[in-house]
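Using the numbering used here, read the sequence shown as starting at 5 and increasing by one per residue. This report refers to the structure that appears directly beneath it.
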Amino acid sequence: MPQLEASVDIDFQSDVYKQAYSRINAIVIEGEEQAYENYLQLTAMLPDHEETLTKLAKMENRHKKGFEACGRNLNVTPDLEFARQFFAQLHHNFQNAAAQGKLVTCLLIQALIIECFAIAAYNIYIPVADPFARKITEGVVKDEYLHLNFGEEWLKANFEASREELEEANRQNLPLVWQMLNQVEADARVLGMEKEALVEDFMIAYGEALSNIGFSTRDIMRMSAYGLRAA
5 MPQLEASVDI DFQSDVYKQA YSRINAIVIE GEEQAYENYL QLTAMLPDHE
55 ETLTKLAKME NRHKKGFEAC GRNLNVTPDL EFARQFFAQL HHNFQNAAAQ
105 GKLVTCLLIQ ALIIECFAIA AYNIYIPVAD PFARKITEGV VKDEYLHLNF
155 GEEWLKANFE ASREELEEAN RQNLPLVWQM LNQVEADARV LGMEKEALVE
205 DFMIAYGEAL SNIGFSTRDI MRMSAYGLRA A
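What follows is the structure, given as structure tokens:
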């Protein structure tokens, strides 16, 4: 496993590493902050699940604090302005969908795309992380599967009514994942994370989520192609 071997050669205190880490660390901090806000927004759209969604939101807030501690551990100041720009389009799409009452689109963005993106990134990062960040990230990943599961279960229970909107939301938002990955490809490589591995892990997690909801293998291949064409 080359990912595991890479950690031997990484100098966590080098300027190059810290510069790259300032952007990657900011992305996970901002990602958790936006997830916190998104889940709180979803409580208004799914009042019957308010307790569960509030619990998920609080979990994301804890993750944010954990990743802030990871930055402090390496004496790195996260580049939060970069991170806000990084998430800008996906954040805009979520807010726009929420304003229109498009619950299915909001769930696809937050509970599927963002959670699968996070799970893939964290799993690839863990073997090459510094010891402090590794412990934090391992705990976070376990929680993220709970978030993914919530979105999957709701969409599975409402699959036929949600299907058309899910396909449209996929067309609009999946290409953004590749644009985002391209933006951080160089920084991720400095941290020991290869873009190809991130893409592969994301596509596996996202495909499994779509399958669990009710899409066929043929559907998933067709839907996934919207992302690959943007790669």
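All C-beta atoms in this analysis are idealised placements derived from N, C-alpha and C, irrespective of residue type, glycine included.
About 13 Å separates the CB atoms of Phe121 and Asn42; that is not less than 8 Å, and the two are not in contact. Gln104: not part of any alpha helix (DSSP H); DSSP gives it neither H nor E. Counting C-beta pairs with one atom in each stretch, the region 59-69 and the region 31-50 have three or more that are closer than 8 Å, which means they touch. Of the residues assessed, Asp52 falls on the exposed side of the cut-off, its CB having fewer than 16 other CB atoms within 10 angstroms. Distance from Glu72 to Ile130 at the Cβ level is roughly 18 Å; contact not present, criterion being Cβ atoms closer than 8 Å. Around Leu107, the same chain offers Met49 as residues with beta carbons nearer than 6 Å, after the five sequence neighbours per side are excluded. Of the candidates Ala209, Ile118, Asn186, Asn29, the residue whose Cα lies closest to the Cα of Asn79 is Asn29.
Ranked by Cα distance from Val132, the options Val194, Phe90, Arg175 are led by Val194. Taking every protein chain shown into account, the CB of Pro82 has 16 or more other CB atoms within 10 angstroms, so this residue is buried. Annotation: the continuous alpha helix (DSSP H) that includes His67 extends over 54-77. DSSP places Pro179 in the helix class (H, G or I) of the three-state scheme.
Approximately 5 Å separates the beta-carbon atoms of Arg27 and Asp191; this is inside 8 Å, confirming the contact. Separation of Ala102 and Glu55 (C-alpha to C-alpha, rounded to the nearest whole angstrom) is 19 Å.
Phe219 is the residue among Phe219, Asp19, Asp13 whose C-alpha sits nearest the C-alpha of Ser166. A straight line joining the alpha-carbon of Glu157 with that of Glu171 spans about 17 Å.
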